[in-house]
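Numbering follows our numbering, with no gaps: position 12 of the sequence shown is 14.
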Amino acid sequence: MKTFFLYLMVVLYVFAGVIHLILPEGYMDIMPAWLGWHFQFVIISGICEILFALLLIPIKSRPYAAWCIILLLLAVFPANVQMMLNYKAQNNPYLWVAVARLPLQLVLIYWAYTYTKTPVGVAVA
3 MKTFFLYLMV VLYVFAGVIH LILPEGYMDI MPAWLGWHFQ FVIISGICEI
53 LFALLLIPIK SRPYAAWCII LLLLAVFPAN VQMMLNYKAQ NNPYLWVAVA
103 RLPLQLVLIY WAYTYTKTPV GVAVA
């Protein structure tokens, strides 16, 4: 079952990364105003999502990739907060989705954390 969830994580992060690359405008709308280089950060985060997801596949790089995903989730958290603030200011009926995304980040962090340990018997060079 853990293997299923590993590959599910890979697919979800690759998909999210590709969406960042082909539809960056939607992500730029939720970037905090105090943060510059919105387009560049959206593209970089998309590339990182794809790269880190693919690095989850090999056993030797999996713990490093999982830690990178955790750091990425922490780095994009301000955008999730900004999305919630934008939705609230706009009286967006999907405010509940933006609010639900905040604790979901903790679930995603925990999910990635489950892959931070090197499996027993695997030598990491």
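Using N, Cα and C, we set each Cβ at its ideal position, and we do this for glycine too.
- Within the same chain, and ignoring the five residues on either side of Leu57 in sequence, the residues whose Cβ sits closer than 6 Å to its Cβ are Ser63 and Ala67.
- In the three-state reduction of the DSSP assignment, Met33 falls in the coil class, being assigned neither a helical nor a strand state.
- With a cut-off of 8 Å on Cβ pairs, the stretch 15-30 is in contact with the stretch 45-54, counting three or more such pairs.
- Under the three-state reduction of DSSP output, Gln107 falls in the helix class.
- Around the beta-carbon of Met3, fewer than 16 other beta-carbon atoms lie within 10 Å, marking it exposed.
- If you draw a straight line from the Cα of Tyr15 to the Cα of Ser47, it is about 11 Å long.
- By the Cβ-count criterion, Val99 is exposed, with fewer than 16 other Cβ atoms from all chains shown falling within 10 Å of its own Cβ.
- Here Ile32 is near Ala81, since their CB atoms are less than 9 Å apart.
- Nearest C-alpha to Tyr29 among Trp39, Gly38, Trp36 and Val44: Val44.
- Within the model, the alpha-carbon separation for Leu23 versus Ile111 is close to 23 Å.
- Apart from sequence neighbours up to five positions away, the residues of its chain that approach Thr118 with a beta-carbon distance below 7 Å are Pro65, Ala68 and Trp69, ordered along the chain.
- When secondary structure is reduced to three states using DSSP, Lys119 falls in the coil class, being assigned neither helix nor strand.
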